[in-house]
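In the working numbering, each residue's number is its place in the sequence shown (first place is 1) plus 1.
Heads up, the beta-carbon is just placed ideally off N, CA and C, and yes, glycines get one too.
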Amino acid sequence: MLIYEVLSRDHDRIKKKLDALLMLADDAVDECIDLIHQVRDSLIPHLRAEEAVFYNSLQAADIGGTIHPSHFADHQDLENALHALLITDPSDGGWRELTLQLKREFNEHRQSEEQELYLAAQELLTDEEAISLGKAFERMRPRILKTGLSQNTYDAVSLLMPKRFTQTLSYRSHSRT
Numbered sequence: 002m003l004i005y006e007v008l009s010r011d012h013d014r015i016k017k018k019l020d021a022l023l024m025l026a027d028d029a030v031d032e033c034i035d036l037i038h039q040v041r042d043s044l045i046p047h048l049r050a051e052e053a054v055f056y057n058s059l060q061a062a063d064i065g066g067t068i069h070p071s072h073f074a075d076h077q078d079l080e081n082a083l084h085a086l087l088i089t090d091p092s093d094g095g096w097r098e099l100t101l102q103l104k105r106e107f108n109e110h111r112q113s114e115e116q117e118l119y120l121a122a123q124e125l126l127t128d129e130e131a132i133s134l135g136k137a138f139e140r141m142r143p144r145i146l147k148t149g150l151s152q153n154t155y156d157a158v159s160l161l162m163p164k165r166f167t168q169t170l171s172y173r174s175h176s177r178t
């Protein structure tokens, strides 16, 4: 499957989880907590795998700048909105507005990618490359969930740094074991 199809399918899954969360009654606290965690466990691996596989491949293939730092910043905005949701007490009802904000930001992210970035990527990538990236994304996403949030946050920060500063960095060399 082409990377565009894989990413769009993943976008659909995340959107359905956000929609299900918004359909909950205000007093459905346990279900709310469960769905918020499902959103987290879908969204964070999606963002990290998308950055590592899709964005970095486009950066490597394109001298002209298809991937702009704002694409990574959009991911950080999504993650910030998710973290705000994660630390909100579901019993006070404030989670609904935060979920709406996250859904709006996610829809903007999705629209930007599916209507603009995919078209630019199709100019740069062969179908074989797009299939290979789709497979790499599918393999990477579950591994990201297993590595933990601190590893993923460290990786996200390093993606924003110039490569010459990150070549010798690794999370394991800076973490306590």
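Q: With DSSP as the reference, label Leu25 as helix, strand or coil.
A: Looking up residue 25 in the sequence shown gives position 24. Coil at Leu25, not helix or strand.
Q | Reduced DSSP secondary structure (H/G/I, E/B, other) of His72 | A | Residue mapping note: residue 72 aligns to position 71 of the sequence shown, counting from 1. DSSP places His72 in helix when its eight states are reduced to three.
Q. Among residues of its own chain, excluding the 5 on either side of His175, which ones have a beta-carbon nearer than 7 Å to its beta-carbon?
A. Against the sequence shown, residue 175 aligns to sequence position 174. Note that His175 scores 37 on pLDDT, short of 50, meaning its location in the model is unreliable; the coordinates nonetheless yield the value given after this. Same-chain partners within the cutoff: there are none.
Q | Span of the alpha helix (DSSP H), counted from its first residue to its last, around Met2 | A | Within the sequence shown, numbered from 1, the residue matching residue 2 stands at position 1. Looking at the DSSP string, Met2 is not in any alpha helix (DSSP H), and its letter there is neither H nor E.
Q) In whole angstroms, what is the alpha-carbon distance linking Gly135 and Glu6? A) Translated into positions along the sequence shown, residue 135 becomes position 134. Translated into positions along the sequence shown, residue 6 becomes position 5. The alpha-carbon atoms of Gly135 and Glu6 are separated by roughly 8 Å.
Q: Please list, in chain order, all residues of the same chain as Met141 whose beta carbon is under 7 Å from its beta carbon, the five residues on each side excluded.
A: Along the sequence shown, one-based indexing puts residue 141 at 140. Counting only Cβ-Cβ distances below 7 Å, and skipping sequence neighbours, we find Ala50, Ala53 and Val54.
Q | Cβ-based burial, Leu118 [other Cβ within 10 Å; buried from 16] | A | The sequence position of residue 118 within the sequence shown is 117, counting from 1. Classification for Leu118: buried.
Q: Would you mind working out which of Leu44, Glu32 and Ser58 sits nearest Asp78, comparing C-alpha positions?
A: By 1-based counting over the sequence shown, the position of residue 78 is 77. Per the Cα distances, Leu44.
**Q.** alpha helix (DSSP H) segments (min. 4 residues) lying fully within the region 93-157
**A.** 96-113, 119-125 and 128-148
**Q.** Cut-off 7 Å between Cβ atoms - residues of its own chain near Thr127, not counting five sequence neighbours on either side
**A.** As a working note, residue 127 is residue 126 in the sequence shown. So no residue of the chain qualifies.
Q. Do Glu32 and Leu23 have their CB atoms nearer than 8 Å?
A. Taking the first residue of the sequence shown as 1, we reach residue 32 at position 31. Taking the first residue of the sequence shown as 1, we reach residue 23 at position 22. No, Cβ-Cβ distance for Glu32 and Leu23 is not below 8 Å.
Q) Thinking C-beta only, is Met2 closer than 8 Å to Ile132? A) Counting from 1 along the sequence shown, the entry for residue 132 is found at position 131. Counting from 1 along the sequence shown, the entry for residue 2 is found at position 1. For Ile132 and Met2, yes; Cβs fall inside 8 Å.
Q: Compute the distance between the beta-carbons of Leu101 and Ile37, then report whether it is under 8 Å.
A: Along the sequence shown, one-based indexing puts residue 101 at 100. Along the sequence shown, one-based indexing puts residue 37 at 36. No. Outside cutoff.
Q: Measure the Cβ-Cβ separation of Asp11 and His69 and say whether it is below 8 Å.
A: The sequence position of residue 11 within the sequence shown is 10, counting from 1. The sequence position of residue 69 within the sequence shown is 68, counting from 1. The answer is no: Cβ separation not under 8 Å.
Q. Near Cys27, which residues of its chain fall below 6 Å by C-beta distance, leaving aside the five closest residues on each side in sequence?
A. One-based indexing of the sequence shown puts residue 27 at position 26. According to the sequence provided, residue 27 is Asp. The question's Cys does not apply to it. Once the five neighbours on either side are set aside, the close Cβ partners of Asp27 are Gly94.
Q | Extent of the continuous alpha helix (DSSP H) to which Ile45 belongs | A | What you label residue 45 is simply residue 44 of the sequence shown in a count that begins at 1. Unbroken alpha helix (DSSP H) run through Ile45: Val30 to Ala50.
**Q.** Buried or exposed by the 16-neighbour rule on C-beta atoms within 10 Å, applied to Leu19
**A.** As a working note, residue 19 is residue 18 in the sequence shown. Its Cβ being crowded by 16 or more others within 10 Å, Leu19 is buried.
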